[in-house]
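In this note's numbering, the protein residues as written are 1 to 162. Reviewing the structure listed below.
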Amino acid sequence: MVSPAPSCHARARPVARVPRCPSPGEPGAPQDAEAEARRREFAAVLEIFRTTAVLVPRRDQPRLTVDFGGLRRILAFSDESALARYALARGEGGAEWGYETVLGARLLDVAVPSAGVPCGVALDAADGAEHAVLFPPVTGVVPESAAVDKGVEGADEWGAAR
1 MVSPAPSCHA
11 RARPVARVPR
21 CPSPGEPGAP
31 QDAEAEARRR
41 EFAAVLEIFR
51 TTAVLVPRRD
61 QPRLTVDFGG
71 LRRILAFSDE
81 SALARYALAR
91 GEGGAEWGYE
101 TVLGARLLDV
111 AVPSAGVPCG
121 VALDAADGAE
131 HAVLFPPVTG
141 VVPESAAVDK
151 GVEGADEWGA
161 AR
């Protein structure tokens, strides 16, 4: 069993989940009204994440990250059981995982820009596509200085082409 050692007394609250949205051109891709509804839903989840304390594991570095698809992602977890599921998935269930409790806004506004490479946040990464939430490094999610879509002609506030 994983026994993370808290570094702060704040309690993490569960964060709402967003269903996976197919990419444009993929079967089941949203039409304009559906896409707009999903954007509003993501905006609501983003606001909840920004105001929620999450657990950020610490392992031989300030925060645990993974690189995937050309982007770095800071790993965050909604509670100790989500962190334990990740540790078990990595085969490290017997190890002690220290963590710090951080507001989602601090991860997006401070940690992402300080990464020095394109970086987002992955919430509850071991919980599958139906439950994990990815916060990409795009305008409207992270500061413009860290957004990969800054200056892209025709991109909306979420980085999607109009």
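By construction, the Cβ of each residue, glycine as well, lies at the ideal position given by its N, Cα and C atoms.
**Buried versus exposed call for A95 [16 or more other C-beta atoms within 10 Å across all chains shown]** = Within the sequence shown, residue 95 is the residue found at index 95, counting from 1. Exposed is the call here.
**Asked** D32 by DSSP, collapsed to three states: which one?
**Response** Your numbering for residue 32 matches position 32 in the sequence shown. Look at D32 here: in three-state DSSP terms it is helix.
**Asked** Quick one: is R73 buried, meaning 16 or more other Cβ sit within 10 Å of its Cβ, or exposed?
**Response** Numbered from 1 along the sequence shown, position 73 holds the residue referred to as residue 73. Buried, because 16 or more other Cβ atoms sit within 10 Å of the Cβ of R73.
**Prompt:** According to DSSP, is V133 helix, strand or coil?
**Reply:** If you number the sequence shown from 1, residue 133 lands on position 133. Reduced to three states, the DSSP call for V133 is strand.
**Request:** Could you have a look at G140 and say whether DSSP puts it in helix, strand or coil?
**Result:** Taking the sequence shown and counting its residues from 1, the one referred to as residue 140 is at position 140. Three-state result, G140: coil.
**Request:** For my contact list, T139 and A129 are in at a C-beta cut-off of 8 Å; report their separation, rounded to the angstrom.
**Result:** The count along the sequence shown starts at 1 and reaches residue 139 at position 139. The count along the sequence shown starts at 1 and reaches residue 129 at position 129. Your pair T139 and A129 does not check out as a contact, with CB atoms roughly 24 Å apart and the cut at 8 Å.
**Item:** Delimiting residues of the beta strand (DSSP E) encompassing E55
**Value:** To locate residue 55, count along the sequence shown from 1; it is residue 55. The amino acid at residue 55 is misidentified as Glu; the sequence shows Leu. Looking at the DSSP string, the run of the beta strand (DSSP E) that includes L55 is A53 to R58.
**Request:** Would you check if the distance between the CB atom of R63 and the CB atom of V54 is smaller than 7 Å?
**Result:** As a first step, residue 63 is located in the sequence shown; it is residue number 63 there, counting from the start. As a first step, residue 54 is located in the sequence shown; it is residue number 54 there, counting from the start. Going by C-beta atoms, R63 is not nearer than 7 Å to V54.
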